[in-house]
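Just so you know, we're using our numbering here: the sequence shown kicks off at 270 and counts up by one.
All C-beta atoms, glycine included, are put in the ideal place defined by N, C-alpha and C.
For reference, the structure is listed below as structure tokens.
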Amino acid sequence: PKPDRAEEDTVAFCVDDGIAWVAFNRPEKRNCMSPKLNRRMKAVLEELEFRDDVRVLVLTGEGEAWTAGMDLKEYFRETEAQGLGAIRKSQRESYGWFERLRWYEKPTIAMINGWCFGGGYGPLFGCDIAIASEDAQFGLSEINWGILPGGGASKVAQELMPFRKAMYHAMMGENLTGKQAEEQGLVTEAVPADRLKERVLEIANVLKKKDTHALRATKWTMRRMVDMTYDNGLEYQIRAQEALHSFGGAAARKEATRQFLDEKSFKPGLGTFDA
Ligand code: ACO
Numbered sequence: 270p271k272p273d274r275a276e277e278d279t280v281a282f283c284v285d286d287g288i289a290w291v292a293f294n295r296p297e298k299r300n301c302m303s304p305k306l307n308r309r310m311k312a313v314l315e316e317l318e319f320r321d322d323v324r325v326l327v328l329t330g331e332g333e334a335w336t337a338g339m340d341l342k343e344y345f346r347e348t349e350a351q352g353l354g355a356i357r358k359s360q361r362e363s364y365g366w367f368e369r370l371r372w373y374e375k376p377t378i379a380m381i382n383g384w385c386f387g388g389g390y391g392p393l394f395g396c397d398i399a400i401a402s403e404d405a406q407f408g409l410s411e412i413n414w415g416i417l418p419g420g421g422a423s424k425v426a427q428e429l430m431p432f433r434k435a436m437y438h439a440m441m442g443e444n445l446t447g448k449q450a451e452e453q454g455l456v457t458e459a460v461p462a463d464r465l466k467e468r469v470l471e472i473a474n475v476l477k478k479k480d481t482h483a484l485r486a487t488k489w490t491m492r493r494m495v496d497m498t499y500d501n502g503l504e505y506q507i508r509a510q511e512a513l514h515s516f517g518g519a520a521a522r523k524e525a526t527r528q529f530l531d532e533k534s535f536k537p538g539l540g541t542f543d544a
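Now the structure itself:
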């Protein structure tokens, strides 16, 4: 057997014109997530998060897969052989970067080019927008090998899909195509494979023009509100809007309002103001 990839080669990334393209990079293992990959992904995400040249992050996969879920050999079997301490460490590493992604400072887009299984639902949910190839395959395959969809996977299905569809998906171990994943709410949109990158680029280019602080506040508000009462949500939003002022929000808003009301050079209903 070929030697394993070095930790630093398990994730590929480059920054091009404001967009960080990050890829699961174990195509020969269908990009399944090993402890090495999990550690590397956390480091890469943290490195990119506050760079001024990064306005949007795209998470994709090299080769045929987005990610084939957790690595059954390195994440489960080899870790379990070392006992509880090692198990907890590897859980913290994977759940840790899924969490970083959920609360990432910059907008994120999952570009799902192929297989997406089990543990992959964590980063899938972590990304704010998910665009899949129509022929990608999504599966909670856990039930097919005698475990439950843990590591957040069943929670993701239950949060994003209608309950009856989520239950069927979790119990049956049948895959959904990108198109079906779109119909059932698991992804934002599915497009033909040859349009995937073009569509993601289109979205990223729109996001790039938005006020970065307002975008962060918006995505965090959407996620926080999920388990809040209406009144608590309303209160959170008032505070979050006021907190934007610490980052120049008041001035940005005043300028946008001026362009609309006084200069009549832009309409908020039709696009982004000129910052
Ligand atoms: N864990 C460990 N190794 C994996 C995984 C995985 N999740 N997925 C793929 N691989 C490895 C294979 O063992 C194989 O390794 P080898 O070349 O050393 O033999 C290599 O990747 C290529 O995989 P193939 O199965 O040969 O690729 P194929 O294209 O035929 O099938 C598929 C792709 C359908 C994704 C298949 O690999 C598969 O079923 N993978 C497991 C998917 C899964 O159920 N993941 C776990 C979900 S549960 C969880 O994440 C908690």
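- Going by C-alpha positions, K434 is about 12 Å away from L409.
- The beta carbon of R299 sits closer than 7 Å to at least one heavy atom of ligand 1.
- Residue pairing of Q406 in beta bridges, as defined by DSSP: T446.
- Look at M339 here: in three-state DSSP terms it is strand.
- Using a 10 angstroms sphere on the CB of H514, the tally of other CB atoms stays under 16, which defines it as exposed.
- Every alpha helix (DSSP H) stretch that sits fully inside the stretch 422–489 and reaches 4 residues is listed by chain position as 422–429, 432–441, 447–452 and 465–477.
- Around the beta carbon of A519, a 10 Å sphere encloses fewer than 16 other beta carbons of the protein chains shown; the residue is thus reported as exposed.
- For A521, the uninterrupted alpha helix (DSSP H) run begins and ends at G518 to L530, by DSSP.
- Here W372 is exposed: its Cβ has fewer than 16 other Cβ atoms, across all protein chains shown, within 10 Å.
- A401 is bridged by DSSP to I381 and A459.
- By DSSP's assignment, T329 forms a beta bridge with A292.
- Look at A275 here: in three-state DSSP terms it is coil, with no helix or strand label.
- Annotation for L341 indicates a beta carbon within 7 Å of some heavy atom of ligand 1.
- Ranked by Cα distance from V475, the options C301, L370 and G540 are led by G540.
- Per DSSP, V313 lies in no beta strand (DSSP E); the unbroken alpha helix (DSSP H) holding it starts and ends at P304 to E318.
- DSSP, reduced to helix, strand and coil, places F542 outside both helices and strands of the structure shown, so it counts as coil.
- For F367, no beta strand (DSSP E) segment is defined; the enclosing uninterrupted segment is the alpha helix (DSSP H) at L353 to R371.
- Taken through DSSP and simplified to helix, strand or coil, A509 comes out as helix.
- With fewer than three CB-CB distances shorter than 8 Å, the stretch 482–492 does not count as touching the stretch 434–445.
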